[in-house]
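Chains L and E are the protein sequences, given in the same order.
Residues 1 to 113, numbered by UniProt numbering, are exactly what the first sequence covers, in order.
Residues 1 to 113, numbered by UniProt numbering, are exactly what the second sequence covers, in order.
Protein chains: 2
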Amino acid sequence: MPDGSLWTALADPHRRNIIALLLERPRPVGEIVEACGLSQPSTSKHLKVLREAGLVRVHQQAQRRVYALDSAPIAELDAWLAPYRQLWNERLDALGRRLDATSDATDSDTPKD
Amino acid sequence: MPDGSLWTALADPHRRNIIALLLERPRPVGEIVEACGLSQPSTSKHLKVLREAGLVRVHQQAQRRVYALDSAPIAELDAWLAPYRQLWNERLDALGRRLDATSDATDSDTPKD
DNA sequence: CCTGTACATTCCTTGACCGGAATATAACCA
DNA sequence: TGGTTATATTCCGGTCAAGGAATGTACAGG
């Protein structure tokens with residue numbers, strides 16, 4: 001169940017780095033270890049956090065464990081973001097109108113914003 | 001400059017709560033304190049984190065300090081999310097094709113996904 | 001069966017963060 | 001200027017996450 005673990009998982013730069021690596025293509029742990037410059041245990045622990053947050057999935061292949069992104073939580077983030085996206089659209093919209101209004105009006109009702 | 005402070009700021013549930021409150025409308029600190037159920041100092045500290053992450057702005061009004069959302073970092077988040085959004089669109093697309101294919105094909109190559 | 005490879009897990013120490021209490025600061029008002 | 005309200009900052013104890021070292025586990029090959 002998606003509690004706050006998604007945000008917690010993404011709060012760490014190394015984990016965001018791993019996520020970015022997996023965006024290019026799925027990778028076994030060894031590759032991630034090299035790319036991150038972290039120790040193998042530390043990397044495995046980060047992978048565990050990402051796994052428990054539902055951000056990645058493992059697919060065993062011989063002795064390798066190949067990690068890949070799972071897109072579901074990303075969608076969740078996007079859903080969280082939606083209301084704020086509206087806000088910023090309104091802002092841009094308002095800015096546009098203001099710029100437009102300055103063409104034929106004196107700044108009598110816009111104190112100092 | 002936006003370092004990782006944005007993610008760190010949003011990692012805390014209380015701070016996300018504050019953000020949600022400010023989405024409705026700008027509010028003075030006192031209101032936020034009541035709504036959060038946290039102590040005033042603790043709330044002020046969270047507000048400081050949000051401020052330093054660029055997520056909120058203060059507008060002094062008499063003795064009150066009215067906090068409001070700043071939309072810029074939200075846009076930043078959205079930009080970060082963009083590449084992953086692509087990934088998940090591809091997934092949905094693939095799913096759609098698979099559902100479509102099941103209409104005239106036996107499930108011979110879809111083991112247990 | 002034994003060895004090596006590829007990961008995961010545990011133990012431990014350190015540093016960061018959280019929350020509350022007390023205190024400091026700033027703005028308004030008489 | 002002194003007092004009150006509104007907010008910020010500091011200090012402090014407790015908790016939690018991160019990283020390294022050591023160890024455990026699973027799978028392949030000889």
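Cβ coordinates follow ideal geometry from the N, Cα and C atoms, glycine included.
Residue i in three-state terms, based on DSSP
| i | result |
| --- | --- |
| E:ALA53 | coil |
| E:LEU99 | helix |
| E:ASP93 | helix |
| L:PRO111 | Residue placement at L:PRO111 is poorly supported in this model, since its pLDDT is 40, which falls under 50; the coordinates are not used for a value here. |
Nearest residue (CA-CA) to residue i, options the options
| i | options | result |
| --- | --- | --- |
| E:ARG16 | L:SER42, L:VAL66, L:LEU6, L:ARG16 | L:LEU6 |
| E:PRO73 | L:ARG85, L:TYR67, L:ILE74, L:ALA79 | L:ARG85 |
| E:GLY62 | E:GLU24, E:PRO28, E:LEU50 | Looking at the sequence provided, one finds Ala at residue 62 of chain E rather than Gly. Closest option to E:ALA62, Cα to Cα, is E:PRO28. |
| L:PRO13 | E:THR8, E:LYS48, E:SER44 | E:THR8 |
| residue 116 of chain L | E:GLU24, E:LEU10, E:ILE18 | Lying before the first or after the last residue shown, residue 116 of chain L is absent from chain L, which here runs from 1 to 113. |
| E:ALA11 | E:HIS46, E:GLY37, E:GLU31 | E:HIS46 |
| E:ASP20 | E:LEU50, E:ARG65, E:LEU99, E:ARG64 | The question names Asp, but residue 20 of chain E is Ala in the sequence shown. The residue with the shortest Cα to Cα distance from E:ALA20 is E:LEU50. |
| E:ARG65 | E:ALA75, E:GLY37, E:LYS48 | E:LYS48 |
| E:LEU22 | L:LEU87, L:GLN60, L:PRO26, L:ASP78 | L:LEU87 |
Which ranges does the alpha helix (DSSP H) cover as unbroken runs of at least 4 residues, wholly within the UniProt domain "HTH arsR-type" (1-89) of chain E, from first to last along the chain? Complete alpha helix (DSSP H) runs here, min 4: 5-11, 13-24, 29-36, 40-52.
Cβ contact (3+ pairs, closer than 8 angstroms) linking the region 66-83 of chain L and the region 44-56 of chain L: They touch, by the three-pair rule.
With 7 angstroms as the C-beta to C-beta threshold (strictly closer), list the residues of the region 67-92 of chain E near chain L in chain order. Closer than 7 angstroms at the C-beta level to chain L, one finds these residues of the region 67-92 of chain E: LEU69, SER71, ILE74, ALA75, LEU77, ASP78, LEU81, PRO83, TYR84, ARG85, LEU87, TRP88, ARG91.
Output, in sequence order along the chain, the residues in the region 8-20 of chain E whose CB is closer than 7 angstroms to any CB in chain L. Listed in sequence order: THR8, LEU10, ALA11, PRO13.
What residues from the region 21-44 of chain L come within 9 angstroms of chain E, judged by C-beta to C-beta, listed N to C? When CB distances to chain E are screened at a threshold of 9 angstroms, the residues of the region 21-44 of chain L falling below it are LEU23, in chain order.
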